[in-house]
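Here the sequence shown stands for residues 1 to 702, numbered as in UniProt numbering.
Just so you know, even glycine gets a beta-carbon here, dropped at the ideal spot from N, CA and C.
Bear in mind that the values here come from a model prediction, so they are computed numbers and not experimental data.
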Amino acid sequence: MSSNRYFGLEWLWSPARRSIAYALPLLMAVALVLYLYPGTFLAGHGRFFEGGDAASHVSGWLFFEQDHWHFPLLKTDRLNYPDGISIAFTDSIPLLALPLKLFAGVLPAGFHYFGLWHAICYLLQAAAAVFVIRSLGIRHLPGALLAAGFALIWPALTHRLGHTALMTQGLLLLTLGTYLRGHSGTWSVRRTCTAFIAITASALLVHPYLFAMSYPLLLVYLVSQWRAGSLDLKRVCLWLAGSLVVLFAILLAGGYLIGKGAAAGGFGIYSLNLLSPFCGGLLCSSHYATPGQDEGFNYLGAGVLLLLATSALLEPRAFLRSAARHRYLLLALLALTLYAASNKVFVGQHELLDIHLPRFAEALAGIFRVSGRFFWLVGYSILFFVLAVLLRRRSLALLLLMSGALALQWYDTRPLRDRVLFQTRLPTTVDIAPWRSALAGFEEIDVYPAYGCSLPPTTDDDYVRYQYLAAQLGLRINTGYTARAATDCTKKNRLVDGPALPGHLYVKLGHLHNPLDLPPLFRTALDAGRCMLDSQHLICMNTRPSQSWATVAAPLDRRNSDLRIRWKAEQLPSLIGQLRNGRLVPRQPGEAGYLSYGPYIALSEGIYSYRINYLSEADEATTVGTWDIVGQDAGGHFVALSSGPLAGTHGELRPVAGMVALKAPLQKVELRLLSNGADLQLSDLEISSDLPTPQTAQRAAD
């Protein structure tokens, strides 16, 4: 009878040998890696590694590998020279960087492991998925294959391309499996706690967010064992203390405490949208209510949602039994979900809650400000508990349904894999050889302004460009794109007040966007013909560029460099204005207020001319408003440079022009027009940099 019922396939539910249960899913992982990633990518080549976060990861490792040993062990002073930085803040996967540094002398030039780490992530994901499902008592082969299949194409994993360390989500699965084995009594307390400490320590050495997601399961396990009477309070405290000793040893020895601290702003921006688990595929597109909610992408997938509904119909009480058995785990998962949603809770575009946080709570939450990631463990828990509920039923039809759900999941997540296929096959765009020739004999790249001290439109990628070049060429760099940057802008930017040093390349970022912010070092070099243009950036040195520079940059000197910026009316922000005939005018007749403000630019020490082109139908005896030029000094204090009235012009376009002298650099400089309610129409603004002659200096002083 049994043979007829299962068509001779009873072996499907027989316990599989451990070697087979792990080997076949690992082969699945290998096949998926070979499908997604070309060999060149796995070897660390391609555009992917030359920009964005990936270039920061790579450069962090290269600076670390080229440097001698420091304490803290993860510190290098070749990046952010001379202060240095821990490569924990470049997300360079210290777990692998530390042992590989021992072999720095025999590694090929430019070698890095970030392509290969993607393969490691998928292999770990497959093995850890089998570990979890077997920890749930599902030891047959279909269970192992289905668990690995769903874990390998998990949406939150595929979506994380671009942040290699955070793809190591198999560590979360290992902590989940460890909890299950300890909770069920399969493992002893000693073995479970030792495994927890080893896994969470490894997670910290891969990425702190993975540690923050996995460590709560150790706490859940200790509490559950204490409440069950398996551990007394003294032993709970001893295991907890042991784990904290390991944690603080890594933080101290790894240099995680270097800098301004762990907190950063932005909590509530990178959150979980409550529609995220259900939207992002076939059912509905992703909903992001804030610019950062892409970080909270946690789509479960159509296949998993189908199985979730199926398990609820077939085994409605199974979830209640699991919730009762794992009540402390459930509470932890609920807490992670609440943290992921943050204090600003959105359902699609609708804001459900906005809870004001005290300053201390906001600072604490800022340690892990990208809260949307904390749903990862919740999503994996849903997946594996649903799989376990269904796989416990000896039903061929159900196995076929689950296989169909896996196929549906594959189809539903195809756009995520298409992105991987595209990104990993982009050819390299940075040719290092010409730069190597041009920078022969150089020791350091000095970038101005230092990272954390610039204004838009300067981007992180602008810093990454020179950080990557310096790392590839074995040079130092004075700043860099790192997490939790703690920059003393006044100190870091002081280098541009002195002369250009031999062996140093000086970079003024975004020169074409703001040619006015030209500190003395760059002014002197530009006048002497010692500067060139690399894309939009000004690069200067203490001698005239050699012929080898012609292949990487364009010549530039004061004669062909336009040190002025003009802003048309449509480029300027306004509180009361609207565009009409190319001019900024009040929306309502008689309305008073700021007709224009901004443009929020940085200006170096020097002499500047300004020009305001405006008109008014009022007569010249009528004051129609006022203008002023203001900015902020290095301490963030308000500085007023100049101001004056605006008179009527009888409808003719007229300028207000003058000069100002800056004795120190200013940030967020504005040229503002304040209307008093009379007719006032702004055409454009202009600021230009003047050569410091005695005549211009006297005029600026007057």
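| query | result |
| --- | --- |
| With a CB to CB cut of under 7 Å and the five nearest residues on each side skipped, what residues in its chain are close to Q536? | G510, H511, L512, H513 |
| Could you name the residues of the same chain whose beta carbon sits closer than 7 Å to that of W410, not counting the 5 residues immediately before and after it, in chain order? | I153 |
| By the DSSP assignment, the beta strand (DSSP E) with R654 in it spans what residues? | 654-662 |
| For A647 and A657, what's the separation of their Cα atoms in angstroms? | 13 Å |
| Just verifying my parser: in three-state terms, what is the DSSP assignment at E10? | helix |
| Going by C-alpha distance, which of A156, P94, L73 is nearest A201? | P94 |
| Where L27 and L9 are concerned, what is the direct C-alpha to C-alpha distance, given to the nearest angstrom? | 23 Å |
| May I have the straight-line CA-CA distance separating G115 from L42, to the nearest angstrom? | 4 Å |
| Distance check for P502 and Q571, CA to CA, integer angstroms please. | 41 Å |
| Using 8 Å as the threshold, is the C-beta distance between H112 and G52 below it? | no |
| Determine contact between the stretch 289-298 and the stretch 118-134, defined as no fewer than three beta-carbon pairs at a distance below 8 Å. | no |
| Tell me which residue opens and which closes the alpha helix (DSSP H) that M28 is part of. | 18-36 |
| Just grab the DSSP bridge partners of G503 for me. | None, per the DSSP bridge assignment. |
| Look at the alpha carbon of W61 and the alpha carbon of A97, and state the distance between them as a whole number of angstroms. | 7 Å |
| Can you tell me which of F63, Q125, V130, H326 puts its alpha carbon nearest to the alpha carbon of A104? | F63 |
| Check whether the Cβ atoms of A602 and Q667 lie closer than 8 Å to each other. | yes |
| Does the structure place the stretch 534-549 close enough to the stretch 409-423 that three or more beta carbon pairs sit under 8 Å? | no |
| What does a CB cutoff of less than 8 Å around E620 pick up in its chain, not counting 5 residues either side in sequence? | A647, G648, T649, H650 |
| Touch check for the stretch 484-504 and the stretch 435-450: three-plus C-beta pairs under 8 Å? | yes |
| With distances taken Cα to Cα, identify the nearest neighbour of E617 among L563, L682, F150. | L682 |
| Quick one: residues in its chain with C-beta nearer than 7 Å to the C-beta of V552, no 5 flanking neighbours on either side, listed in chain order? | P434, W435, A438, D534 |
| Near W69, what residues of its chain come up, given a Cβ to Cβ distance below 7 Å and the 5 sequence neighbours on each side ignored? | none |
| Determine the burial state of P519: buried for a count of at least 16 other Cβ atoms within 10 Å of its Cβ, exposed for fewer. | buried |
| Nearest-angstrom Cα distance between D557 and T76? | 36 Å |
| So, helix, strand or coil for C453, using DSSP? | coil |
| Would G137 be called buried (16 or more neighbouring beta carbons within 10 Å of its own) or exposed? | exposed |
| Report, in whole angstroms, the separation of the C-beta atoms of F374 and M213, which I expect to be a contact under 8 Å. | 6 Å |
| Kindly indicate the opening and closing residues of the alpha helix (DSSP H) around P99. | 94-101 |
| Taking DSSP as the reference, what is the three-state secondary structure of Q409? | helix |
| Would L475 and I445 qualify as a contact pair, given that the criterion is a beta-carbon distance under 8 Å? | yes |
| For M402, which of helix, strand or coil comes out of DSSP? | helix |
| Relative to the C-alpha of L314, which residue among S230, F346, E295, L401 is closest? | L401 |
| Less than 8 Å between the CB atoms is what I'm expecting for A21 and D91, so what's the real figure, rounded? | The Cβ separation is near 33 Å, so there is no contact. |
| To the nearest angstrom, how far is it from the Cα of V464 to the Cα of T428? | 15 Å |
| Which residue marks the beginning of the alpha helix (DSSP H) containing C121, and which one marks its end? | 114-135 |
| Measure the CB-CB distance between R139 and A16 and report whether it falls below 8 Å. | yes |
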